[in-house]
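Under the working numbering, the residues of the sequence shown are numbered 41 to 200, in order. Idealized CB from N, CA, C, for every residue including glycine. The structure appears right after this line, and notes come after that.
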Amino acid sequence: MEARRAGEEIERELLILTRHRELGTPRGVRAGAALDRSAYVLLSRLEAQGPMSIPEFVEAFGLAASTFTRQTSALLDSGLVERALDPAGGTARKFRVTEEGRARLAAQRAGIVDGLTAVLADWPADRLVRFIEDLRRFNTDIERLSGRPWPRNGPPPAAP
């Protein structure tokens, strides 16, 4: 298959994949308590990388500072992050995940893992391994082209 046709097929499948939001709604979580996508992504990045400043978010994601000012303000207001001094001694204030933020992130992640586990229950082990390897390569190739790698220190975070 040529690269252009593959790109068209993958685009369609990614579009369909992104509409399956119910996969990530943990059982027993009240309506409206689930994290929105931007909160989930920012909390996950803070968990993986540690405290970050607005300029570091801009560099990591390639979006405008105003975007992160709004998003971090919402996270602060909901008690999911807090401001902290730069652990490296710099003058910039950084954001770090609170215990509430960690708990909500862990609950959401557990819901996503539960949903994925159900979807993949009938997949043979060799297909699962290949799918993970292919998806990781796909992501790391995108990161290489964009110059914005996602931190992957050690194994993926464990569900609670």
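C-alpha gap between residue i and residue j, whole angstroms
i, j, result
"residue 108", "residue 52", "29 angstroms"
"residue 187", "residue 166", "31 angstroms"
"residue 171", "residue 179", "12 angstroms"
"residue 104", "residue 48", "29 angstroms"
"residue 164", "residue 106", "45 angstroms"
"residue 75", "residue 46", "32 angstroms"
"residue 130", "residue 138", "21 angstroms"
"residue 182", "residue 193", "18 angstroms"
"residue 200", "residue 100", "Any reading at residue 200 must be qualified, since the residue scores a pLDDT of 41, below 50, and its modelled position is unreliable; the value itself is stated next. Whole-angstrom Cα-Cα distance: 27 angstroms."
"residue 151", "residue 175", "20 angstroms"
"residue 143", "residue 80", "12 angstroms"
"residue 43", "residue 158", "31 angstroms"
"residue 153", "residue 126", "33 angstroms"
"residue 58", "residue 185", "22 angstroms"
Integer Cβ distance of residue i from residue j, believed to fall under 8 angstroms
i, j, result
"residue 133", "residue 93", "7 angstroms"
"residue 111", "residue 78", "5 angstroms"
"residue 145", "residue 87", "6 angstroms"
"residue 189", "residue 89", "So it is not a contact: roughly 11 angstroms between Cβ atoms."
"residue 168", "residue 160", "6 angstroms"
Buried versus exposed call for residue i [16 or more other C-beta atoms within 10 Å across all chains shown]
i, result
"residue 121", "buried"
"residue 149", "buried"
"residue 119", "exposed"
"residue 91", "buried"
"residue 102", "exposed"
"residue 147", "buried"
"residue 55", "exposed"
"residue 115", "buried"
"residue 82", "buried"
Beta carbon proximity, residue i to chain C, threshold 7 angstroms
i, result
"residue 47", "No chain C appears in the structure shown, which is made up of a single protein chain."
Worksheet item: Which runs of the beta strand (DSSP E) fall wholly inside the region 106-174 and span at least 3 residues, in chain order?
Response: 121-125, 133-137
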